[in-house]
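Heads up, the thing below is written out as structure tokens.
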Amino acid sequence: MGFHSTKSDTSLFVRFSKTTTLMILIYVDDIIITSNSKEEIRSVISFLHDKFSLKDLGSLRYFLGVEVTTTKEGNLLLTQTKYLREILHKASMSNSTPQPTPMLANLKLTENETTSVPDPSFYRSIVGALQYLTITRPDVSFAVNKVCQYMHCPQEHH
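As structure tokens, then:
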């Protein structure tokens, strides 16, 4: 088929011609196919369908917890609204209200507090989920990075 894996990501395969670029991203049993040519996309799907059992889900809408919307201009808008709601629910924070900044600028976190979290693995799980959230929410990266620094000894105030 003429695809080459990329050096930066071994699960991303590309094929270039004079007029088209075609990309295939594979993650376990999920595949994203994109191109500047709808005919090329149809051709690859047809080829793969002849070789494997596959289900064409149409245009990309959701992938690995990331919601994908195409804007009127043809750009992709990536959000994780559902994923964020799941994190808030898991952390028993579903009723929390949005804040203008994710963390107070002068907040000093330390590991010298005496109130450890009852379940450090739960804390780590929430922080890991927040790290994944930073894919589409770079505004929370600083705050998430700060709490990541205390994964070894999480305290209640973290």
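Numbering (our numbering), first residue to last: -3 to 154.
Each residue gets a CB set at the ideal place from its N, CA and C atoms; glycine is no exception.
As the structure is a prediction and not an experimental result, all values here were calculated from the model.
> Going by DSSP, which residues form a beta bridge with Y128?
Replying inline: Answer is none; Y128 lacks a bridge partner.
> How many whole angstroms separate the CB atoms of M99 and K68, which I take to be in contact at a CB cut-off of 8 Å?
Replying inline: 34 Å between Cβ atoms; not a contact.
> On the premise that L21 lies in contact with S7, defined as a C-beta separation below 8 Å, what is that separation, rounded to the nearest angstrom?
Replying inline: 6 Å
> So what does DSSP say about R133, is it helix, strand or coil?
Replying inline: coil
>> The alpha helix (DSSP H) that contains R81, what's its start and end?
In response: T77 to K86
> Which stretch, first to last residue, makes up the alpha helix (DSSP H) that contains V40?
Replying inline: K34 to K47
> Tell me the DSSP bridge mates of H148?
Replying inline: In DSSP, H148 forms no bridge with anything.
> Looking at H45 and the ligand HEM, is the gap between the Cβ and the nearest heavy atom below 6 Å?
Replying inline: Among the ligands in the structure shown, none appear at all, so the ligand HEM cannot be discussed.
>> Please state the DSSP three-state secondary structure of S117.
In response: Looking at S117 - three-state DSSP - the assignment turns out to be helix.
>> For V62 and Y79, what's the separation of their Cα atoms in angstroms?
In response: 8 Å
> Which residue's Cα is closest to the Cα of T75: T132, V140 and K3?
Replying inline: For the set T132, V140 and K3, the Cα lying nearest the Cα of T75 is the one of T132.
>> Taking 8 Å as the limit between beta carbons, can you name the residues of its chain near T66, skipping five residues before and five after?
In response: S55, L72 and L73
> Straight-line CA distance for S42 to V64?
Replying inline: If I take the Cα positions, the gap works out to 24 Å.
> What residue from Y23, M147 and E35 has the CA that sits closest to T15's CA?
Replying inline: Of Y23, M147 and E35, the residue nearest in Cα terms is E35.
> What does a CB cutoff of less than 7 Å around F(-1) pick up in its chain, not counting 5 residues either side in sequence?
Replying inline: Excluding sequence neighbours, F(-1) sits near F9, V10, R11 and I20.
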